[in-house]
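Numbering (my numbering), first residue to last: 53 to 322.
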């Protein structure tokens with residue numbers, strides 16, 4: 053995760069989820085305020101959301117209009133101002149996130165992720181949010197601790213039907229807890245945003261395709277990074293193509309403006 057995305061995710065999550073953060077020295081940069089028409093990436097292959105398990109691209113969180121995005125940014129800025137935190141401050145915010153994993157297998161036991169798979173998934177979260185993917189990655193300051201694993205054998209829930217019902221019945225922990233429901237549906241994952249928590253606390257969290265866990269059966273998407281992607285939304289990060297080529301686009305200054313989603317790694321993307 054890049055440096056400014058690290059600062060943004062820490063700030064957004066502390067505001068909306070009530071996560072207790074510890075400040076340690078770091079570097080940060082203010083968000084880009086240049087013209088939206090400069091350096092905007094136009095991908096050759098486009099889409100509108102997260103790739104699904106069957107290959108098509110699907111939205112993995114509710115749509116946020118530019119008007120809503122501006123309102124969220126204003127509210128966040130006011131809260132951060134009251135806390136004495138600014139975008140240019142040399143502060144890294146750190147916290148430990150308790151994780152509750154809910155395995156939604158069917159009645160025959162299909163989709164019953166093993167303890168090893170779940171442990172490996174938590175390790176991937178810590179690796180990716182810890183800046184260990186490459187020398188260019190930054191440590192977000194967040195660590196993840198598996199608090200509890202629940203297992204359910206319900207074919208309806210396994211297929212992500214009655215989603216609001218099963219999440220309301222099974223969610224654990226407070227606003228600072230990441231709940232992960234492992235299901236088998238056509239998406240790779242779906243997330244709630246942190247600012248949705250106040251109105252809908254009982255369904256807060258992320259749904260992840262069980263076959264995207266490390267060692268899963270979805271080719272090219274079985275390294276556990278779907279959970280990383282969805283956790284980023286849960287912390288308050290948009291897609292990098294949020295807002296297209298507008299001035300503030302995804303509200304993160306070190307990701308190039310991007311007109312729409314892309315697949316693979318087309319030339320010029322980064």
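Ideal Cβ placement from N, Cα and C applies to all residues, glycine included. Here the structure is a predicted model, which means the values were calculated and not measured.
Sorted by chain position, which residues of the same chain lie with C-beta nearer than 8 angstroms to residue i's C-beta, five sequence neighbours on each side aside?
i	result
residue 176	266, 275, 276, 277, 279 and 280
Within a Cβ cutoff of 7 angstroms, which residues of the same chain sit near residue i, ignoring the five residues on either side of it in sequence?
i	result
residue 224	152, 200 and 231
residue 124	247
residue 30	Nothing can be reported for residue 30: it is not among the residues displayed for the chain, which extend from 53 to 322.
residue 120	none
If you reduce the DSSP assignment to three classes, tell me which class residue i lands in.
i	result
residue 267	coil
residue 218	helix
residue 180	helix
residue 192	coil
residue 31	This structure cannot speak to residue 31, because the chain is shown only from 53 to 322.
residue 168	helix
residue 213	coil
residue 277	helix
residue 287	helix
residue 249	coil
residue 282	helix
residue 207	helix
residue 133	helix
residue 127	helix
residue 223	coil
residue 175	helix
residue 254	helix
residue 74	Since pLDDT at residue 74 reaches only 47, below the 50 mark, its modelled position is unreliable, and the value read off the structure follows with that caveat. If DSSP states are grouped into helix, strand and coil, residue 74 belongs with the strands.
Could you tell me the alpha carbon to alpha carbon distance between residue i and residue j, rounded to whole angstroms?
i	j	result
residue 132	residue 161	46 angstroms
residue 257	residue 186	27 angstroms
residue 253	residue 215	14 angstroms
residue 122	residue 289	14 angstroms
residue 173	residue 284	15 angstroms
residue 261	residue 118	29 angstroms
residue 165	residue 212	16 angstroms
residue 244	residue 146	21 angstroms
residue 236	residue 168	19 angstroms
residue 202	residue 179	24 angstroms
residue 129	residue 272	38 angstroms
residue 263	residue 222	21 angstroms
residue 9	residue 282	Here the chain has residues from 53 to 322 only, and residue 9 is not among them.
residue 188	residue 150	27 angstroms
Taking C-beta to C-beta, are residue i and residue j nearer than 8 angstroms?
i	j	result
residue 155	residue 234	yes
residue 192	residue 148	no
residue 210	residue 163	yes
residue 159	residue 207	yes
residue 218	residue 157	no
residue 242	residue 259	yes
residue 220	residue 255	yes
residue 249	residue 229	no
Taking 7 angstroms as the line, does the beta carbon of residue i fall inside it for any heavy atom of the ligand HEM?
i	result
residue 281	Looking for the ligand HEM in the displayed structure turns up nothing, as the structure carries no ligands at all.
So, for residue i: in the same chain, excluding its five sequence neighbours on each side, which residues have a beta-carbon less than 6 angstroms away from its beta-carbon?
i	result
residue 268	274
residue 181	192 and 194
residue 134	none
Just grab the DSSP bridge partners of residue i for me.
i	result
residue 154	202 and 233
residue 261	235
residue 240	Partner(s): none; residue 240 has no beta bridge.
residue 197	150
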